[in-house]
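Just so we're aligned: the sequence shown equals residues 1 to 288 in UniProt numbering. For each residue, glycine too, the CB sits at the ideal point set by N, CA and C.
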Amino acid sequence: MASDDNTSDNNNGEVSGTIAPLVLPNQNIVAAARHYADKKRLRGEQLTEIDVFLKDPPSLRETKMMANLLALGNQVEKIVTSKAGYEVSADLETNIYKYAPAVLLSSKVTVYKGLENVPAAWAKITAVAQEALTQKRSNIKKAIRASVHGDDPEHQNIFDLAKVIVKGTQCTVNVVLCAHITLMRAVYLKVPGPKFWDKLDVRLAKIRKESGGDAGKITRAFRHILTIDQDKHSAKDYDLDEKTVDNFQQKVDNLIDVGAVDAATSAQADTTSAQGASTSVQGASTSA
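Right, here's the structure in full:
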């Protein structure tokens, strides 16, 4: 009889076999799950989904979790692909152009070219900074070129040249700033072509090397260059402010100074590390 019954079932298209009984979740687990869901501030329909999920067999739960992961991936992909490209804001661009001349005219700067190549994650910000520094370098060079037309006595004096260069910026004309512009003019008179900024960097490095990094010696070197410029170019019918401190320029100088110290410290650490590694290798080689 049992055989006839099985045959009858198969003939009717029903699948024979043992079906696992549905095991309802423990009520303590249900209560704990609802409490946890409430803490996560799930919406009403999401709470209902949790209740149903608890009653689902394991295979269905896994399928639902997989489906939700795929759906989440689709949503993330939409967000990433629809995200607008980064653009430099007008305020940021204004600030970059405000700082560019102060950086180039800083008494703490160690090079004039390559300042914009500091590693940065923001390519567009770097591009704006590069453009700002490039533009300002061009403006400074043009101003210096215009200042030396004619014979030496007819040249623009350093005070008037400095005023032209800082026009439209937050920089103030004072002795320190004029001294650095006189170095620029001295180098330009020897190398007015495309290698001007490169030669200026070489001259700047030479001054710092010969002074041994001593701030007092560097100041005296620039004062000497300033005196030569004042005696050579036009009449000295002006007084340079010895006391005024340009707060904005000072802030930029400090930032450059800190950056230089950080770079030097990092380089020193790398050198020390390399020397230590070399010593270790030599020691190991000797032992071997």
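For Arg41, the number of other beta carbons within 10 angstroms of its own is below 16, and it is reported as exposed.
With at least 16 other beta carbons inside 10 angstroms of its own, His233 counts as buried. As for any alpha helix (DSSP H) of minimum length 4 sitting wholly inside the region 155-217, the runs are 158-166, 175-190 and 196-210, ordered along the chain. Residue state for Asp151 is assigned as coil, using DSSP reduced to three classes. Look at Ser234 here: in three-state DSSP terms it is coil, with no helix or strand label.
Per DSSP, the continuous alpha helix (DSSP H) segment holding Asp51 begins and ends at Gly44 to Lys55. The residues Tyr238, in chain order, have a CB closer than 6 Å to that of Phe159 in the same chain once the five nearest residues on each side in sequence are set aside. Excluding residues up to 5 positions away in sequence, Ser211 lie with their Cβ nearer than 6 Å to the Cβ of Lys217 in the same chain. Where Lys39 is concerned, the enclosing alpha helix (DSSP H) starts and stops at Gln27 to Lys39.
Three or more pairs of CB atoms, one per stretch, sit closer than 8 Å, so the region 136-146 contacts the region 160-177.
In this structure, Cys178 places its C-beta atom within 8 Å of the C-beta atom of Leu226. With fewer than 16 other CB atoms across the displayed protein chains lying within 10 angstroms of its CB, Asp51 is exposed. Counting every other CB atom within 10 Å of its CB across the protein chains shown gives Leu70 a total below 16, marking it as exposed. Shown here, Lys98 sits in a helix according to DSSP, grouped into three states. Out of Pro58, Ala205, Tyr99 and Glu154, the CA that lies nearest to the CA of Lys136 is found in Tyr99. Pairing Thr169 with Pro101 gives a Cβ-Cβ distance under 8 Å.
By alpha-carbon distance to Val103, the top candidate from Val128, Leu133 and Asn157 is Leu133.
Taking the C-beta atoms as reference points, Leu92 is found no nearer than 8 Å to Asn174.
Excluding five sequence positions before and after Phe53, the CB atoms of its chain that fall closer than 8 Å to its own CB belong to Arg61 and Lys64, given in chain order.
The residues Lys199, in chain order, have a CB closer than 6 Å to that of Val191 in the same chain once the five nearest residues on each side in sequence are set aside.
When the beta-carbon positions are compared, His155 and Leu105 stay at least 8 Å from each other. Counting every other CB atom within 10 Å of its CB across the protein chains shown gives Val187 a total of 16 or more, marking it as buried.
In this model, Tyr36 and Val30 are separated by some 10 Å (Cα to Cα). Taking all protein chains in view, the Cβ of Met66 is surrounded by fewer than 16 other Cβ atoms within 10 Å, so the residue is classified as exposed.
Cα atoms of Thr48 and Lys39: separation of roughly 15 Å, rounded to the nearest angstrom. For the pair Lys236 and Asn157, the CB atoms are nearer than the 8 Å cut-off.
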